[in-house]
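Trainee: The structure that follows is given in the form of structure tokens.
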Amino acid sequence: MAAVAELLRSHMPADQRDWLDLAQTLGQGKLRERAARMDEENRFPFENYDDLRQSGLLGLTVPKEYGGGGVDSVTYVGVLTEITQGCTSTGLTFNMHCAIIDFLSQIASPNQKKKYFHEVVDEGAVLASITSEPASSFRDVFRVKTQIVQDDDGYRLNGTKAWCSLSTAARYYFTWSRLPVKCDGSLRPTRHRDTG
214 MAAVAELLRS HMPADQRDWL DLAQTLGQGK LRERAARMDE ENRFPFENYD DLRQSGLLGL
274 TVPKEYGGGG VDSVTYVGVL TEITQGCTST GLTFNMHCAI IDFLSQIASP NQKKKYFHEV
334 VDEGAVLASI TSEPASSFRD VFRVKTQIVQ DDDGYRLNGT KAWCSLSTAA RYYFTWSRLP
394 VKCDGSLRPT RHRDTG
């Protein structure tokens, strides 16, 4: 594994190597030191997220034009590997956070990107995805039952989700849901953690 990492590192631009070196230092240091204790205590790795926030790694995959690292997929996988080798729970949830950044990069409006990416890069906001529903899975055909319905006050999100892995740390929750019957597709409405 180390030989592969060194081969990848030797072909990366300097700015990408810096991210990998940072993740390696953090993963082999503080994250690894805390991992067993956090598992024993069965708790969320808040301290690790403080370190990810302070190091700038939460903005790793945010496009450069929005102030993020804008790393390529090879660098991302290398960084994720280093974080995960230090603390599996942190690596898993960091990947979920970065997946939402990728979704936003593809589907959000320029104003939405500016808002959310600013909060990730400058304020260390963590993003979560609320996808899972009882009796629904990505293993087969994924059928979202949660839906958005229009009412007199605007729109209402109606449904039940099973869990949210980053619920205690996230600032925003991107929620997979169906659009009204007249529409074809899905939407991911966003809720700030303080909106109840």
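So in the numbering used here, spot 6 of the sequence shown is number 219, and the numbers just go up one at a time.
C-beta atoms are modelled at their ideal positions from N, C-alpha and C, and glycine is treated no differently.
Note that the structure is a prediction, hence the values are computed from the model and not measured.
(1) Cutting at 6 Å between CB atoms, please list the residues of its own chain near Gly398, excluding the five before and the five after it.
(2) Return the chain-ordered list of same chain residues with a C-beta closer than 6 Å to the C-beta of Ala338, the five sequence neighbours on each side being excluded.
(3) Roughly how many whole angstroms lie between the Cα atoms of Asn261 and Phe330?
(4) Note the first and the last residue of the continuous alpha helix (DSSP H) segment covering Asn308.
(5) What number of angstroms, rounded off, separates the C-alpha of Arg250 from the C-alpha of Leu244?
(6) Can you give the Cα-Cα distance for Ile343 and Met309, rounded to whole angstroms?
(7) By DSSP, does Asp397 sit in helix, in strand, or in coil?
(8) Going by DSSP in three states, Ser367 sits in which element: helix, strand or coil?
(9) Once DSSP output is grouped into helix, strand and coil, what is the label at Val206?
(10) Spatial neighbours of Thr359 within its chain, please: CB distance less than 6 Å, with the 5 preceding and 5 following residues excluded, ordered by chain position.
Mentor: To lay it out plainly:
(1) In this prediction, Gly398 has a pLDDT of 48, which is less than 50 and means its spatial position is unreliable; nothing more can be read from the coordinates.
(2) Glu332 and Arg384
(3) 20 Å
(4) Thr301 to Ile320
(5) 11 Å
(6) Whole-angstrom Cα-Cα distance: 10 Å.
(7) Its pLDDT being 48, under 50, Asp397 is placed unreliably in this model, and the value from its coordinates should be taken loosely. DSSP places Asp397 in coil when its eight states are reduced to three.
(8) At residue 367 the sequence reads Gly, which differs from the Ser that was named. Residue state, collapsed to three classes: strand.
(9) Lying outside 214 to 409, the shown extent of the chain, residue 206 is not represented and no answer is given.
(10) Gly372 and Ser390
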